[in-house]
Structures are given as structure tokens and as C-alpha cells.
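Take a look at the structure set out below.
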Amino acid sequence: MYDTFTTDRLIDLWLTEDIGACDLTAQVMIEPHETGAFQMNAREPIVIAGIDVAARVFLRYDPTLSVEVLVRDGERVEKGTRLLEVSGKARSILTTERTSLNILQRMCGIATETARYVDAISATRARLIDTRKTTPGLRMLEKHAVTCGGGLNHRLGLDNGVMIKDNHIAVCGSIAKAIERARRSTPVLTKIEVECDRLEQVEEALSAGVDVIMFDNMSVPDMAEAVKFVAGRVKLEASGGIRLDTIVAIARTGVDYISTSKTHQSAAAVDIGLDEAV
């Protein structure tokens, strides 16, 4: 899910950045009365994310344009699929096409990469979740793209939950003391998660009454042992060193969630083009 009010504010920034004072090429080459019709096409197999955002870019700049969206977010499409059609003032379309393509290529890239990870662990009980390692300013849209690829969102921001990491523990003195402090002030419906990298820390966190335990860069054998020890009493998350070639073995340990930043940081922009309608 994403908020359209916030998205429109982002689009204004994107267009301001790209256009500057004016689209000089369109101004000197295209007459104000000239019109055109174009279609956006997938040039490789992709998972759709952000198609409505791409459409909003055109309409935000020029509400007189006609835009028809032909696919839905979360849909898997083949090479050659028409994604949307836009027609109207040629100047407006050519001025905004790159901004529209940029955000769609980025979001579809994240959704497509997410789907690869989700597919890899589909035979296990583990669910893929994302991280806060997103592009500054694009978190809302990048996290939406993860859900389009079949993943789940972790914290949307620092105010969405209590995540006790090693440096928090160092300041407090121990996991038990850190959890005790957190419990005193955390809203009653907010979950507390603690990061553990050793088995003895898992035991301490469980005894202290944490809601979620994260296995941080633990070995697969240690994770499997920790899963047995916890025995379903709290939710378990694996994080660190998650790649396509490691995720299946991690999922098979029995963890509930696997978090990775690869879906954001390693996702390549997919190939989408805007072509003259035929």
C-alpha cells in the first residue's frame, strides 16, 4: 500500500529535478498543438509494481492526457506485454516519459527480485520480509514493490516497533536489562524484537519475554538448534548473509521470517520502454 497524497509530492520533486526551467528539446521541436499516442511495453519478463504511480506521473504534469493502465501491481507479465497507453499533447508525454519509466523500472525491478527469493522458499514455512535499507525518499514505494513481489514488510520506520540491537544491549548491560527497559515504556500493542548472534543470547531473550528473536548472521546449524530450543514459543527471524544461494538452507531450519536488503539493494532496474502506439 502507498499513499497517493505523498506520492504526488514525490512526483513533483522528480519532475522538478528532471525538467529544470523547461524541456528544451520538446519546446524547440514539438508544436503546442501536436498530439501523440504511445504505449509502455515490457522488454523482459517482470513482476509489476508501481504501474499506477507511473500513470500518475503523466497526469500530475498534464491532467488533460489520457492514460489507460493495462496491468495490475503484483501481476507477472512476459516480454512484449503492453503495460499502459498514454495519448494527448506530445510535449507533455515526451517531457514526462523518463520520470515515469524511471520509477516503474525501479519498482518492477524490486518486485521481480523479491519474487525470485519468494519462489525459492515457497516449499517452506518461512516468509520473506524486507528491511529499512531503502533508497532515501523512496521507502514507501520500494516497500510497496516488495509486497507486489510476494514479500512482507518489516518496520516501515523506527517508530513501528522496538528492535534491540547489539549496541542497545551494550549500553543497557545485557539483553535482559534491555528488554526490561523496553517493556516499561513500549506501547502495549507494539512488539519488541531482539537481535541475537549466539545460542546463549537466544536463551536469555526467551527468558526475558521478548516477542520476536532475530538470528543475526548465525550459522545454519546454530539456527536449527535455536529453532528446536524455542519450539514455537516466539516468532523467529533470520537475517544476515541472505542470498539466493543461501536462503533455502536457512528457510529449512524452521524460522518464521527471513529478512534481506537484497530485494532493494541488489535489484536491477528492469527493461521497459515507451514506444509509439501502432
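Just so you know, we're using our numbering here: the sequence shown kicks off at 36 and counts up by one. Ideal placement from N, C-alpha and C gives every residue a C-beta, glycine not left out. These numbers were taken from a predicted model, which means no experiment stands behind them.
So, is residue i buried or exposed, given that buried needs 16 or more other C-beta atoms within 10 angstroms?
i, result
"Asp165", "buried"
"Leu241", "buried"
"Ala89", "buried"
"Arg126", "buried"
"Met64", "exposed"
"Thr41", "exposed"
"Leu139", "buried"
"Ala243", "buried"
Per DSSP, residue i is paired with what?
i, result
"Arg117", "Asn76"
"Met249", "Glu230 and Glu272"
"Tyr292", "Arg162 and Glu272"
"Asp310", "Gln74"
"Val102", "Val121"
"Arg95", "Per DSSP, none; premise fails for Arg95."
"Ile156", "Looking at the DSSP assignment, Ile156 forms no beta bridge with any residue, so it has no partner."
"Arg111", "Val82"
Whole angstroms are fine: how far does the CA of residue j sit from the CA of residue i?
i, j, result
"Ile282", "Val229", "21 Å"
"Ala261", "Tyr292", "14 Å"
"Leu173", "Thr99", "27 Å"
"Thr170", "Gly123", "33 Å"
"Arg141", "Cys231", "33 Å"
"Tyr96", "Asp87", "15 Å"
"Asp306", "Arg78", "5 Å"
"Ile46", "Thr159", "39 Å"
"Met253", "Gly71", "57 Å"
"Leu136", "Thr149", "20 Å"
"Pro256", "His179", "33 Å"
"Val265", "Cys143", "37 Å"
Determine whether the beta carbon atoms of residue i and residue j lie at a separation below 9 Å.
i, j, result
"Thr270", "Ile285", "The residue you asked about is not Thr; residue 270 is Lys in the sequence shown. Taking 9 Å as the Cβ cut-off, Lys270 and Ile285 do not qualify as a contacting pair."
"Ala302", "Thr116", "no"
"Val290", "Ala273", "yes"
"Arg107", "Thr39", "no"
"Val153", "Gly186", "yes"
"Met175", "Leu193", "no"
"Ala56", "Leu129", "no"
"Glu132", "Glu120", "no"
Segments assigned beta strand (DSSP E), at least 3 residues, entirely inside the region 160-199:
162-164 and 197-199
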